[in-house]
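**Q** Protein chains in written order, with the working numbering: chain A, 1 to 765; chain B, 766 to 1106. For each residue, glycine too, the CB sits at the ideal point set by N, CA and C. Got a structure for you, questions after.
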Ligand SMILES: [Zn+2]
C-alpha cells in the first residue's frame, strides 16, 4: 500500500518528523517497507528553479527542423530563450519551466546549453519529466494560465514522499489512505478529518434497473447514473496522486474510481451505460462455460461459482476483479453507471486464484471490505465525477441485504494489563480504543467500528488494539516457571552422541532432501501434486540422496570424501500417515572395511555389540553387504558410483532400542584375563561372523573378547579352505582363571566349531 | 693401641669431608666424579680403610654417616650431570617444529546442526523441552487447531504440499505444539525444531524444505512481556550480548496480539548496512500471545492459562550470522562449504 504524505495530510493534520512517523506506523500499524520520494527533489532550494512560464514567441529553430525556438517569460522581465523539441503548444501557452541548475526528478542537473547553435536557458517540461504521468508526447500546458514566474510547486504537485506499507491480511481498512490516516490520527492524538466527499445535488431521479440475484455474494450494490460525461484526461493533481500511489492515469472517469479506491478502500467500477443491454445490471453467478473478454484483453471462461456483473444478456464484469471490454468507459462514453458495491471475500478469492487474475480490487475484496464503506465511496466518486467531467448525476439505487450489526465485546481492562504485562489504566485503554473509532461504554462494552468488524470479534482482539499502541513500553521479562525443567530425551541425547561419534570418525554431516525423484521401495509415498519430478517421492532410504551428495564432491575433486546424514525416512503405508523413522547413513572413501569400522565404532560408543550377517540391499554391492540388527553396511554398488565406497544405513530407533538405560559395573580389574590366539581351518564358505557367534554361544560370558586378526589361504591349509586366527580373552569377574579353566573353554569352542563348521583347531597358544 | 686404631685416629675426618666438598664443586664430568668417588669412597680410600679397621661403635657410626653423606653428594652430582648431559643431547635433536603434524581426518557438523544445537541448548537452559514432531501431519493439527479456518490462504495447494485428503507435509513445526498440549496438562514450555515444507520455487532465498524452530510457553500468568524477554535472551545468545530487540505489530491466526520481532543489526550496530538493508534492524521472526481459540482447541482454559509462541528459520539465522549468500548451499553438501564451519 503506497501512502503519499501529501494525500495523508489531507485527512490528518500532522507535523511530525518523517522518521518518527514511519517508526510509529511500523511499530503499531504496518511494516514500513520503504520511504520513496517522488518527483522533483525538494532540497537546497531546488523547487525555486521550477516556474510557470508564458511562451511569448515560438518559431522554428533556424538550424533544426524538429526543434522550436521559444522566448519564455518566467517573471524576470526579460524572456528567456529556450529550445524545445515538442510542437503541441505555441505563443500564449503557459508551460512548466525548469531553470539551469535545477535537479530533475531523475537526478540529472540541468545546465545552460547550446543546441544547434542557439542558447537554451532552461527547459520546457513534459508531464513525464515531472513524474506527473506517463505522457511524454508533448510538453505540459498549464490550464487557467497562472502568472509567469509563479512557483511551479504552487500549481502542480511537484514532489511527494510516499510510505510503502506492507499491511497484514486482517486489515483491509489499511488499504486506504483514509484508513491509514485514522491510525496516524490515533497514534499522534490528532483530529481526523471527516469522511471525504459529499453528494452534489442530484439533477434527476432516473430509475436504474439493478437486480442482485446473489445477495450472499453481493450484500450491497449502489449504482449511480451520470449523463453528459466528458471523458478526458484528469487534472494534474489527480494524475500526480495516482502516480504517487503506483497507479497509471487513464481518463478522468477511470481515474476517479481508482482514486476513490485508494482513498477509502472500496473498489469501484464504471460502466459505459449505453453499452449495457437494456441498460440493466444483474449480479449473478456465471453460467457454466460463459466467456468474457476482460480489460486486459484475455478471453476467460467462467463457471457457476464465479460471481459476475451482467447486463440483460452477458457478463460485463467479473465481480470485484476486472471489467470487460464490452462495457468499458472510453473517449466516446457519455453515460456512466458507477458501481459502488460490496462483495464477499471467499468467492472473489476463489475466482481470482482460479483465473490467476489478481487486481487492486480483488486484493481488497478477498480480505473483506466493510459494506458500510460503499456509500462513502459513492459519495466521493460522485462529487469528483461531477466536478471533473461536467456530468450530471441523474439517478441512484442502493440494493442491500440486511447489513451486519457491529459486534459489541466486553473488555476487562485488568485482563488486558495482565496479558500484556504492562499496567495500562482503564482510562488509557478507553482513550486508545475511542481514537480508533471504537465506542466504549462505561462498563467497557465495546462497539467495534464496521470497518474492523471482521477482525475484532473477541476480547483478545481488543487487547491487541490496546497493546499494539504501546509495544515499546512493555518490559522484557522471563516467565516465572514453576514446574518445568529442560532436558533432552534419551533419543535426542543418543542422536547427538551418534553425530559426535561420526564427526569424530572423520565424517562430515550432510543435509539432503526428503523429497526424491524416485525410491527403491515401489510403495514409497508419492506426492499427487509434486513441486517437480525431482521432488516427487518421500524417501524410504537416505543412501541414494547421500550418494548424490558424494558424487557432487567427486565432481568437485574434493578430497577425503566421507559424508553422513541423520534424517527421517517415511515408510508406507500412509494410513493415514506414514511411519517416520530416524536413520543414520554414511558413505566414505575406502570400501567395505572402513564403513564397517565406522559402524563398529558407532556400536561401541553406544555400548552395543552388533551381529553381522550376509545381507542384500538394492543399493549395495551384492558380494559385500552385511546386515545388522539395525540396518546395512556394505560397499556402494559400483554401478551407482565409480570407485570403492563404504556405505551404511542404520535405523536409529532399532539401534537406540537396544541401548541399555544403565550400565552396571563389572569387575574387569581384579582377576586378570587369560589371552590366547586360536586359529581354525574352515571351508572357504564359512564366514568369520558365524564362527564368532558360535564361539560366544559355546563359551558363555567368560569369553570376554574375541577378535579376528588374520585370515590365511595357502598350501598349508589346502584347497578350498582358509585359516582364521582369533585373539581371545577369557576372564571371570569372580576368580582368577587357571590354565586348566582356559583350556576347558578353548576346548568347548573347538568342539562346537568342529561340529558345526568342520573347523579344525590349527594352533592354540 | 693398634696400628689400625692409630690410622683411624690419624685422619682428620672433618678436613676429609671439607676436601671432598671442595673437590666436588670442581667436578664437571661424570669421569671426574668417578675419580673423586674412588678417591674418597673407593675400596682404597682412607674412609673405606678406616671403616674396615674401626672397632669401636661410636667411631663406626660416625664414619658410616660420613660415608652416607659423601655418597649422597656423589649421587646428587651425578644426577645433575646426567640431566645436563641429556639436555645437551636433546638440543642436538632439533626438529623443524613448523612442519605440519600427522594428518588426522576431521569430521564436521553441518552449520544448521550447529545452530540447531545452539538454539536447543539456549532453551534447555531456560527449562524448555525439545520436541521432534512428525513432518507428515493432518490438517487438524497443522491448520484447524492453529485457528486457520478452511479459507486460510496457507491451506491452498498453491502453498502446501498435500499427500492425500487431509494429510500434508507440515508447513511449520507448530503442529507438534498442538500434539503436546493435547497430551499434557499445562504448564508447557517447549521448542520444536525440524524440517518444514512449502511449495516454493528454488532460488537463492527459497527452498521447498527448510528448518524452523518454534517455541511455546503456556502457564498461568504468561505475558507479552515474557515473550519480549525470552526473544531478547535468544537474540543476544545468537547474535551477541549488545543486541536489542524491538517488536512491530503483525498478524498470525494462532496468536493475538501478533508481532514481528527484529534484532538490532550485529554488523553495523544499528547504523545501517547492506545486511540490514540500511534499517539497522533485522527481522527475526513472528511471535505473539497464543490465541485463545488455540488454547480452547486443545482443551485448555484461556481464563486459567495464557501463553506465547514464536517461530524462526534456522537457515535465516545461519545466513545472517555467517553471511551465507545462497540458501541452496546448505543442501549441496560441497565439502569445501561444509568444512568452513
Ligand atoms: Zn546493519
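1) Where residue 766 of chain B and residue 820 of chain B are concerned, what is the direct C-alpha to C-alpha distance, given to the nearest angstrom?
2) Quick check on residue 896 of chain B: does DSSP put it in helix, strand or coil?
3) Kindly indicate the opening and closing residues of the alpha helix (DSSP H) around residue 27 of chain A.
4) Which residues in chain B sit within 7 Å of residue 578 of chain A, going by Cβ to Cβ distance?
5) Can you give me the C-alpha to C-alpha distance between residue 55 of chain A and residue 73 of chain A, rounded to a whole angstrom?
6) Buried or exposed: where does residue 568 of chain A fall if 16 or more other Cβ atoms within 10 Å of its Cβ makes it buried?
7) Shorter than 8 Å from the beta carbon of residue 520 of chain A to some beta carbon of chain B?
8) Do you know whose CA, among A/96, A/599, A/233, lies nearest residue 607 of chain A's CA?
9) Measure the C-alpha to C-alpha separation of residue 259 of chain A and residue 1056 of chain B and round it to an integer number of angstroms.
10) Check whether the Cβ atoms of residue 1079 of chain B and residue 971 of chain B lie closer than 8 Å to each other.
11) Please confirm whether residue 262 of chain A has its beta-carbon closer than 8 Å to some beta-carbon of chain B.
12) Would the region 282-293 of chain A count as touching the region 251-258 of chain A if we require 3 or more Cβ pairs under 8 Å?
13) Are three or more beta carbon pairs between the region 287-307 of chain A and the region 371-384 of chain A nearer than 8 Å?
14) Beta-carbon of residue 973 of chain B versus every beta-carbon of chain A: anything under 8 Å?
15) So, with DSSP's three-state summary, where would you put residue 184 of chain A?
16) For residue 244 of chain A, report the span of its alpha helix (DSSP H) as first-last.
17) List, in chain order, every chain B residue whose beta-carbon is nearer than 9 Å to that of residue 492 of chain A.
18) Less than 7 Å between the CB of residue 218 of chain A and some heavy atom of ligand 1, yes or no?
19) Any idea if residue 91 of chain A is buried or exposed, counting beta-carbon neighbours within 10 angstroms, 16 or more meaning buried?
20) Which two residues bound the contiguous beta strand (DSSP E) that contains residue 1029 of chain B?
21) I think residue 270 of chain A touches residue 357 of chain A, with their Cβ atoms under 8 Å apart; what is that distance to the nearest whole Å?
22) Would you decide whether residue 108 of chain A is buried or exposed? Buried here means 16 or more other CB atoms lie within 10 Å of its CB.
23) At a cut of 8 Å, does the region 902-914 of chain B reach the region 870-886 of chain B through at least three beta carbon pairs?
24) Can you check which of these residues, A/439, A/484, A/433, is closest to residue 467 of chain A by C-alpha distance?
25) I need the straight-line Cα distance from residue 686 of chain A to residue 745 of chain A, nearest angstrom please.
26) Does any residue of chain B bring its CB to less than 8 Å from the CB of residue 595 of chain A?
27) Output, in chain order, the set of chain B residues within a Cβ distance shorter than 8 Å of residue 691 of chain A.
28) Beta-carbon separation of residue 177 of chain A and residue 372 of chain A under 8 Å?
29) Once the 5 residues before and after residue 156 of chain A are set aside, which same chain residues still bring their CB inside 6 Å of it?
30) State the beta-bridge partners of residue 567 of chain A as determined by DSSP.
31) For my contact list, residue 395 of chain A and residue 206 of chain A are in at a C-beta cut-off of 8 Å; report their separation, rounded to the angstrom.
32) Below 8 Å, can you find three or more Cβ-Cβ pairs linking the region 633-653 of chain A to the region 614-622 of chain A?
33) In whole angstroms, what is the alpha-carbon distance linking residue 833 of chain B and residue 791 of chain B?
34) Chain A partners of residue 1016 of chain B, CB-CB under 8 Å?
35) Looking only at its own chain, which residues have a Cβ that is under 8 Å from the Cβ of residue 816 of chain B, when we skip the five neighbours before and after it?
**A** In this structure, then:
1) What you label residue 766 of chain B is simply residue 1 of the second chain in a count that begins at 1. What you label residue 820 of chain B is simply residue 55 of the second chain in a count that begins at 1. Note on residue 766 of chain B: pLDDT 43, under 50, position unreliable in the model; no value is reported.
2) Within the second chain, numbered from 1, the residue matching residue 896 of chain B stands at position 131. Looking at residue 896 of chain B - three-state DSSP - the assignment turns out to be strand.
3) Working through the first chain from its first residue, we reach residue 27 of chain A at position 27. From DSSP, the alpha helix (DSSP H) with residue 27 of chain A extends over 18-28.
4) Counted from its first residue, the first chain places residue 578 of chain A at position 578. The contacting residues are 901.
5) Here residue 55 of chain A refers to the residue found at position 55 when the first chain is read from its first residue. Here residue 73 of chain A refers to the residue found at position 73 when the first chain is read from its first residue. Taking the straight line from one Cα to the other gives about 6 Å.
6) Counting from one through the first chain, the residue named residue 568 of chain A turns up at place 568. So residue 568 of chain A ends up on the buried side.
7) The count along the first chain starts at 1 and reaches residue 520 of chain A at position 520. Output row for residue 520 of chain A: interface = no.
8) As a position in the first chain, residue 607 of chain A is number 607, starting the count at 1. Taking only the C-alpha atoms, the option nearest residue 607 of chain A is A/599.
9) Counted from its first residue, the first chain places residue 259 of chain A at position 259. Counted from its first residue, the second chain places residue 1056 of chain B at position 291. Spanning the two alpha carbons is a distance of roughly 37 Å.
10) On the second chain, position 314 is the one that residue 1079 of chain B refers to. On the second chain, position 206 is the one that residue 971 of chain B refers to. No.
11) Walking along the first chain from the start, residue 262 of chain A turns up at place 262. So, not an interface residue.
12) no
13) no
14) In the second chain, counting from the first residue as 1, residue 973 of chain B sits at position 208. So, interface residue.
15) Here the question's residue 184 of chain A lines up with position 184 in the first chain. Helix.
16) To locate residue 244 of chain A, count along the first chain from 1; it is residue 244. 236-244 is the extent of the alpha helix (DSSP H) around residue 244 of chain A.
17) The residue labelled residue 492 of chain A in the question sits at position 492 within the first chain. Here the neighbours are 885, 895, 897.
18) The residue you call residue 218 of chain A lines up with position 218 of the first chain. Not under cutoff, so the answer is no.
19) Numbered from its first residue, the first chain carries residue 91 of chain A at position 91. Exposed: under 16 other Cβ atoms inside 10 Å.
20) Taking the second chain and counting its residues from 1, the one referred to as residue 1029 of chain B is at position 264. Unbroken beta strand (DSSP E) run through residue 1029 of chain B: 1020-1029.
21) Taking the first residue of the first chain as 1, we reach residue 270 of chain A at position 270. Taking the first residue of the first chain as 1, we reach residue 357 of chain A at position 357. The Cβ separation is near 19 Å, so there is no contact.
22) Counting from one through the first chain, the residue named residue 108 of chain A turns up at place 108. Label assigned to residue 108 of chain A: exposed.
23) no
24) As a position in the first chain, residue 467 of chain A is number 467, starting the count at 1. Comparing Cα positions, the closest option is A/433.
25) Indexing the first chain from 1 puts residue 686 of chain A at position 686. Indexing the first chain from 1 puts residue 745 of chain A at position 745. Cα to Cα, the separation comes out at about 22 Å.
26) Reading the first chain from its first residue, position 595 is the one you call residue 595 of chain A. So no, residue 595 of chain A is outside the interface.
27) As a working note, residue 691 of chain A is residue 691 in the first chain. Simply none; closest approach about 31 Å.
28) Locating residue 177 of chain A in the first chain gives position 177, where the first residue counts as 1. Locating residue 372 of chain A in the first chain gives position 372, where the first residue counts as 1. Against a cut-off of 8 Å, the Cβ pair of residue 372 of chain A and residue 177 of chain A comes out as no contact.
29) Position 156 of the first chain holds residue 156 of chain A. Here the set comprises 236.
30) Indexing the first chain from 1 puts residue 567 of chain A at position 567. For residue 567 of chain A, which the question treats as bridged, DSSP gives the partners A/583.
31) Residue 395 of chain A sits at position 395 when you count from the first residue of the first chain. Residue 206 of chain A sits at position 206 when you count from the first residue of the first chain. The Cβ separation is near 3 Å, so the contact holds.
32) yes
33) For the purposes of this step, residue 833 of chain B is taken as the residue at position 68 of the second chain. For the purposes of this step, residue 791 of chain B is taken as the residue at position 26 of the second chain. Those two C-alpha atoms are separated by around 20 Å.
34) As a first step, residue 1016 of chain B is located in the second chain; it is residue number 251 there, counting from the start. Per Cβ cutoff of 8 Å: 168, 169, 170, 171.
35) Here the question's residue 816 of chain B lines up with position 51 in the second chain. So the list reads 825, 828, 829, 832, once near-sequence residues are dropped.
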